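Residue numbers (our numbering): 1 to 549. Ideal placement from N, C-alpha and C gives every residue a C-beta, glycine not left out. Note that the coordinates shown come from a computational prediction; the quantities given were computed from them, not determined experimentally. Some notes on the structure that comes next.
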């Protein structure tokens with residue numbers, strides 16, 4: 001679907017959807033970051049999805065069909081054959097005795113009009129506009145359960161293992177899962193997907209078919225099929241039905257057989273911008289300011305699975321220009337990025353973080369990405385690299401931003417070296433987003449807030465508190481959540497913080513000074529996202545707690 005951008009911009013300003021200033025800022029941001037104008041407007045909350053849909057519909061000269069507030073039933077969706085629906089991106093929005101209203105992201109396609117009129121003789125077919133994502137969310141009604149598809153594949157007596165694996169991967173990509181688990185039990189194997197950080201059962205396979213499935217996975221991942229009692233790691237490149245993904249495969253022996261976990265590195269994961277991640281405008285400015293400096297160190301801290309690497313890759317997208325040399329050392333290389341020289345840690349060839357980093361410094365880099373600072377040797381080389389004219393980005397395991405500094409000092413880094421090289425420390429956690437398709441607001445009773453927070457007035461000073469939840473719908477598998485976003489804590493190394501680092505301070509002293517310099521804690525950043533309807537208070541409390549002071 002080709003949209004007339006100029007016409008859309010005119011409608012957005014003429015109808016006061018956004019101001020001319022905001023539109024100008026969006027155009028500049030989109031040009032600088034190689035992203036879309038619409039993406040910026042949505043991420044900065046300058047326009048809602050529904051208002052955007054209305055504006056685009058107006059640019060086509062048709063009515064907007066809001067599939068978020070009025071969803072067709074499964075019976076309505078499946079009236080149109082799946083092949084036809086996917087070909088033209090059409091779904092029935094509503095129907096009566098006189099005619100049928102079709103939602104589509106391209107109301108000008110005449111072929112679709114002709115085919116649908118022949119399908120529904122005597123009925124008037126009217127096209128309304130709907131957003132592409134909202135239409136695709138309705139296609140979930142065409143898919144039978146994995147268990148039902150497994151039975152069909154087994155009965156057909158075709159290539160059982162390859163077809164079952166393909167169905168599992170297809171579903172995982174459709175549901176935007178981050179991991180696939182094959183968990184063997186005594187008589188069957190349970191398939192589970194990790195979606196938005198939570199594992200959900202997707203299907204079950206009889207144990208008799210698992211050996212073939214396991215061997216197929218091992219062959220594709222270039223692993224030994226005759227080894228059943230050792231841990232093996234490999235990778236699969238999946239490319240089918242216009243869907244691509246890199247799958248990182250880990251196989252480990254359990255009492256009931258070999259367990260397989262596939263980490264999915266798909267396009268929907270690697271396409272994040274800084275705004276997508278959940279960075280506020282103030283935090284984006286702080287990060288971009290630090291990244292513009294010719295040398296220094298930026299650290300992102302947090303537990304495993306908190307999105308640290310994704311944040312650094314989003315930053316690399318901004319820094320990746322033809323005139324700079326960017327080299328990384330990673331374990332493993334999760335996302336391949338054009339223009340970045342990526343080195344994979346490999347103990348078998350003695351390529352460690354420390355040895356690889358030593359080599360990188362001799363490769364004339366401008367920017368260095370170290371996947372993780374794990375030991376004193378790597379930390380010392382990283383600090384020296386940042387000191388000698390390189391911008392160094394890395395991740396580090398620490399509970400919060402203020403804990404990272406004492407930990408680095410305890411690893412043996414000299415305080416004067418750390419003070420003169422460190423530019424920014426970021427801590428982050430991931431929370432589930434409220435599903436945009438079924439989100440609703442409500443006035444929270446004081447008892448609800450008091451049950452969750454010991455000092456509710458500190459974060460919700462107003463008497464009337466508006467919160468948000470998801471009702472549960474097809475798009476979010478009735479969970480009320482779809483997708484994840486990060487909450488952040490930033491500590492900028494100011495001259496005052498440099499002086500404090502020289503004294504080998506405690507975590508408490510660092511955070512007290514950071515607060516005086518207007519630093520916002522993980523919980524406080526999360527509270528803003530709760531108030532803005534991005535996540536729920538319960539979800540925030542799952543990953544962060546209010547400070548004691």
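What would DSSP say about residue i, mapped onto helix, strand or coil?
i, result
"residue 208", "helix"
"residue 492", "strand"
"residue 213", "helix"
"residue 230", "coil"
"residue 17", "coil"
"residue 313", "helix"
"residue 381", "helix"
"residue 452", "helix"
"residue 142", "helix"
"residue 387", "helix"
"residue 95", "strand"
"residue 447", "helix"
"residue 219", "helix"
"residue 327", "strand"
"residue 262", "strand"
"residue 547", "coil"
What separation, rounded to the nearest whole angstrom, lies between the Cα atoms of residue i and residue j?
i, j, result
"residue 347", "residue 358", "15 angstroms"
"residue 489", "residue 403", "12 angstroms"
"residue 530", "residue 453", "13 angstroms"
"residue 232", "residue 7", "55 angstroms"
"residue 205", "residue 161", "11 angstroms"
"residue 296", "residue 210", "51 angstroms"
"residue 558", "residue 533", "Examination of residue 558 is not possible in this model, given that the chain is present from 1 through 549 alone."
"residue 92", "residue 107", "13 angstroms"
"residue 105", "residue 68", "14 angstroms"
"residue 501", "residue 306", "26 angstroms"
"residue 298", "residue 423", "6 angstroms"
"residue 48", "residue 56", "12 angstroms"
"residue 477", "residue 133", "15 angstroms"
"residue 193", "residue 265", "14 angstroms"
"residue 96", "residue 61", "23 angstroms"
"residue 428", "residue 389", "27 angstroms"
"residue 376", "residue 415", "14 angstroms"
"residue 28", "residue 285", "15 angstroms"
"residue 165", "residue 213", "7 angstroms"
"residue 338", "residue 317", "10 angstroms"
"residue 183", "residue 202", "12 angstroms"
"residue 309", "residue 336", "12 angstroms"
"residue 496", "residue 282", "20 angstroms"
"residue 371", "residue 197", "21 angstroms"
"residue 524", "residue 546", "8 angstroms"
Does the distance from the CB of residue i to the CB of residue j come in under 7 angstroms?
i, j, result
"residue 387", "residue 421", "yes"
"residue 260", "residue 179", "no"
"residue 112", "residue 88", "yes"
"residue 407", "residue 398", "yes"
"residue 543", "residue 431", "yes"
"residue 378", "residue 354", "yes"
"residue 314", "residue 274", "yes"
"residue 385", "residue 413", "no"
"residue 248", "residue 263", "yes"
Taking the alpha helix (DSSP H) that residue i falls in, what are its first and last residues?
i, result
"residue 53", "49–60"
"residue 542", "537–543"
"residue 281", "281–291"
"residue 359", "353–361"
"residue 162", "160–174"
"residue 110", "110–119"
"residue 76", "74–77"
"residue 416", "415–421"
"residue 401", "401–410"
Round the Cβ separation of residue i and residue j to the nearest angstrom and send it over; I've been treating them as touching at under 8 angstroms.
i, j, result
"residue 173", "residue 243", "5 angstroms"
"residue 237", "residue 246", "6 angstroms"
"residue 484", "residue 475", "Actually they do not touch by this definition, with Cβ atoms about 15 angstroms apart."
"residue 459", "residue 434", "Not quite, the Cβ-Cβ distance comes to about 18 angstroms (not below 8 angstroms), so this is no contact."
"residue 324", "residue 311", "Contact doesn't hold; Cβ gap of about 19 angstroms is too wide."
"residue 176", "residue 195", "7 angstroms"
"residue 494", "residue 464", "Incorrect: roughly 38 angstroms between the Cβ atoms, too far for contact."
"residue 126", "residue 101", "5 angstroms"
"residue 117", "residue 84", "So it is not a contact: roughly 13 angstroms between Cβ atoms."
"residue 51", "residue 17", "5 angstroms"
"residue 356", "residue 343", "5 angstroms"
Return the first residue and the last residue of the beta strand (DSSP E) that residue i is part of.
i, result
"residue 149", "No beta strand (DSSP E) holds residue 149; the alpha helix (DSSP H) holding it covers 146–156."
"residue 526", "From DSSP, residue 526 is part of no beta strand (DSSP E) but of the alpha helix (DSSP H) over 522–531."
"residue 370", "367–370"
"residue 562", "Summary: the structure shown does not reach residue 562, with the chain confined to residues 1 through 549, and so no result is reported for it."
"residue 299", "296–301"
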